[in-house]
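Add 46 to the 1-based position in the sequence shown for the numbering used here, that's all there is to it. Positions of the beta carbon are idealized from the N, C-alpha and C atoms, including for glycine. Everything below concerns the one structure shown next.
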Amino acid sequence: MLQGKIAVVTGASRGIGRAIAFAFAKEGAAVIVNYNGSVKKAEEVVEEICQAGGKAEAVQCNVADFAACEAFLTDIIKRYKRIDILVNNAGITRDGLLMKMTEEDFDAVIQTNLKGAFNCTKFVSRQMLRQKAGRIINISSVSGVIGNAGQANYSASKAGVIGLTKAVAREIASRGITVNAIAPGFIKTEMTEVLLDAAKEAAVLQIPMKKFGETEDIAQTAVFLASEKAKYITGQVIHVDGGMAM
Numbered sequence: 047m048l049q050g051k052i053a054v055v056t057g058a059s060r061g062i063g064r065a066i067a068f069a070f071a072k073e074g075a076a077v078i079v080n081y082n083g084s085v086k087k088a089e090e091v092v093e094e095i096c097q098a099g100g101k102a103e104a105v106q107c108n109v110a111d112f113a114a115c116e117a118f119l120t121d122i123i124k125r126y127k128r129i130d131i132l133v134n135n136a137g138i139t140r141d142g143l144l145m146k147m148t149e150e151d152f153d154a155v156i157q158t159n160l161k162g163a164f165n166c167t168k169f170v171s172r173q174m175l176r177q178k179a180g181r182i183i184n185i186s187s188v189s190g191v192i193g194n195a196g197q198a199n200y201s202a203s204k205a206g207v208i209g210l211t212k213a214v215a216r217e218i219a220s221r222g223i224t225v226n227a228i229a230p231g232f233i234k235t236e237m238t239e240v241l242l243d244a245a246k247e248a249a250v251l252q253i254p255m256k257k258f259g260e261t262e263d264i265a266q267t268a269v270f271l272a273s274e275k276a277k278y279i280t281g282q283v284i285h286v287d288g289g290m291a292m
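What follows is the structure, given as structure tokens:
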């Protein structure tokens, strides 16, 4: 479905990003596995993809760093001659009630989750405009749609990602480039594994389907949005959350 495509997936060393990287590679794309600090895990992802007959390489870049993103993506374009798919997945959390949240914790989440998506989209969209083709997929969150207590910074960043998605989609739709967002709910990842049992039980009560999702649920949605099957879909938010935001 993605044979011969060049895909950049940020934050792809673990969790949802890792699952998307594997799914893209399985469909024939050459995957740039971006990471910030988890070099060992990123290399493991690349090794597994290559052992399965796919193509991948790991490249370090802190997406919150504007200049670093320009250097990172310029190098990819120089070496591969194109970027067909960008998945803005890199994200962090610094949870806490608003009254106790520090400025540093607010800024760090906005810088990575929202500005990171802006940084990568800015530099990749230039190439896609020249190609007159491309797919940009932003990973938002149910928290950015309905809010979540203790996550004012995270909810704001993910709501911002949705606004960014819709604005950029309108700007570049006429050039054959689609821009969509996926808003996951509670997904089984390292981030949710550390939750206390009581917190998991409380979360399940909010989910009409009464269970957490799998990373593969997000990955397969990303494959669809990256494919020709979704060529007439842009500016949309696909909720993969077991019904939380309906």
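Compute the distance between the beta-carbons of residue i and residue j, then report whether it is under 8 Å.
| i | j | result |
| --- | --- | --- |
| Gln-106 | Val-85 | yes |
| Asn-80 | Val-54 | yes |
| Ile-185 | Gly-231 | no |
| Ala-67 | Ala-58 | yes |
| Ile-95 | Ala-110 | no |
| Ile-208 | Ala-195 | no |
| Ile-233 | Gln-173 | no |
| Val-283 | Thr-267 | no |
| Glu-116 | Phe-169 | yes |
| Thr-224 | Ile-156 | no |
| Gly-281 | Thr-211 | yes |
| Val-191 | Ala-248 | no |
Going by beta carbon distance, what residues of the same chain come within less than 7 Å of residue i, once the five residues before and after it are set aside?
| i | result |
| --- | --- |
| Lys-257 | Val-250, Gly-288 |
| Cys-166 | Thr-56, Val-109, Cys-115, Leu-119, Leu-132, Asn-134 |
| Val-92 | Val-79, Ala-102, Glu-103, Ala-104 |
Can you list, in chain order, the residues of its chain whose CB lies under 8 Å from that of residue i, leaving out five sequence neighbours each side?
| i | result |
| --- | --- |
| Pro-254 | Gly-288, Gly-289, Met-290, Met-292 |
Pop quiz: residue i and residue j are said to be a contact at Cβ under 8 Å. What is the actual Cβ separation, rounded to whole angstroms?
| i | j | result |
| --- | --- | --- |
| Asn-135 | Gly-63 | 4 Å |
| Leu-175 | Ile-123 | Not confirmed; about 12 Å, so no contact. |
Apart from the five residues just before and just after residue i, which ones in its own chain have a Cβ nearer than 6 Å to its Cβ?
| i | result |
| --- | --- |
| Gly-193 | Ser-201 |
| Asp-263 | Val-286 |
| Ile-52 | Ala-76, Tyr-126, Arg-128, Ile-129, Asp-130 |
| Ser-189 | Gln-197, Tyr-200, Ser-201, Lys-204 |
| Gly-50 | none |
Checklist entry - At a cut of 8 Å, does the region 238-246 reach the region 194-201 through at least three beta carbon pairs? => result no
Item to check | Runs of alpha helix (DSSP H) lying entirely within the region 141-196, each at least 4 residues, in chain order | outcome: 149-155, 162-177, 189-192
Checklist entry - What are the complete beta strand (DSSP E) segments, minimum 3 residues, inside the region 195-272? => result Within the region 195-272, complete beta strand (DSSP E) segments of at least 3 residues are found at 223-230, given in chain order.
Item to check | Whole runs of the beta strand (DSSP E) within the region 99-123, excluding any shorter than 3 residues | outcome: 101-106
Checklist entry - Going along the chain, which unbroken runs of the beta strand (DSSP E) with 3 or more residues stay wholly within the region 59-92? => result 76-81
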